[in-house]
Amino acid sequence: MLNYHVSMPIVVGIGVVVSTAIIITYVYAKKKFYKRTLQDPAAKVSLTLMHKEVINHDTRRFRFELPSKNHILGLPIGQHIFLSATIDGETLIRSYTPVSSDDDVGYMDLVVKVYLKNTHPKYPAGGKMSQYLDSLSIGDTVDIRGPSGRLKYLGKGLFSMKVLRKDPAYTVTVKKVAMIAGGSGITPMLQLIRHVAKEPHDNTKLSLIFA
1 MLNYHVSMPI VVGIGVVVST AIIITYVYAK KKFYKRTLQD PAAKVSLTLM HKEVINHDTR
61 RFRFELPSKN HILGLPIGQH IFLSATIDGE TLIRSYTPVS SDDDVGYMDL VVKVYLKNTH
121 PKYPAGGKMS QYLDSLSIGD TVDIRGPSGR LKYLGKGLFS MKVLRKDPAY TVTVKKVAMI
181 AGGSGITPML QLIRHVAKEP HDNTKLSLIF A
């Protein structure tokens, strides 16, 4: 017969292991169930603006609805999307890094600094794309495509990189990552920081200079 005081920790330990396994299986199954919005880097996807938030005098958060409530964006860490629009008869394409992630289901968030007309002497017209986004009303649509970029973070300090877009990828493993960002340019760094922070087994050290 097992000693009661010895068997209890064993039973509790087994229960914790089983519970952990069930949770991991459940989370993995849910992620497999979700559909990726970005399937083909060359294919455009139309998204509908569902919410717009004024963060400060020149910065906005735009929330776009994904194709369904069971869709995630499907953007690898380190990659970005292209947003295209026809403005005054001209097709403009700009790259953006969402502040949302694949943990966010059914929507994508962009934080954008709006460069208004006549606020900078060197750029009297301001930012065409950012002003276009700011002019959108709830229910309006934009076209995105992706993923794009020559860098991917694969986890635990492992990066996949390309020198040129058509070059074969190579991998680099690091223990520390130093980042420098200014203004809304922090969004790619924020993407990496959030991912590393939520992964308990990722011990990569991150440092950021932001101004």
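All residue numbers for the sequence shown refer to the UniProt record's numbering, where the first residue is 1 and numbers rise by one.
Idealized CB from N, CA, C, for every residue including glycine.
* How many whole angstroms separate the CB atoms of Y96 and H80, which I take to be in contact at a CB cut-off of 8 angstroms? -> 6 angstroms
Residue range of the unbroken beta strand (DSSP E) whose run includes R60:
T59 to E65
What would DSSP say about G157, mapped onto helix, strand or coil?
coil
Could you pull the DSSP bridge partners for K128 from this structure? DSSP output for K128 lists no bridge partner at all.
**Q.** Length-filtered (4 minimum) alpha helix (DSSP H) runs lying within the segment 160-205
**A.** 187-198
Checking the sheet assignment: what are the DSSP bridge partners for N56? T59
Fill in: Straight-line gap, G78 to D134 (C-alpha atoms, nearest Å)
26 angstroms
Looking at K52: is its Cβ nearer than 8 angstroms to the Cβ of F64? no
What first and last residue would you give for the beta strand (DSSP E) that runs through H80?
-> H80 to I87
If you follow the beta strand (DSSP E) that L110 is part of, which residue opens it and which one closes it?
Y107 to K113
Would you call A211 buried or exposed, if buried means 16 or more other Cβ atoms sit within 10 Å of its Cβ? exposed
Worksheet item: Just how far apart, CA to CA, sit G127 and L110?
Response: 16 angstroms
- Backbone secondary structure at L133 - three-state DSSP: helix
Practice task
Pull up the DSSP beta-bridge partners for Y96, would you.
Solution key: I81
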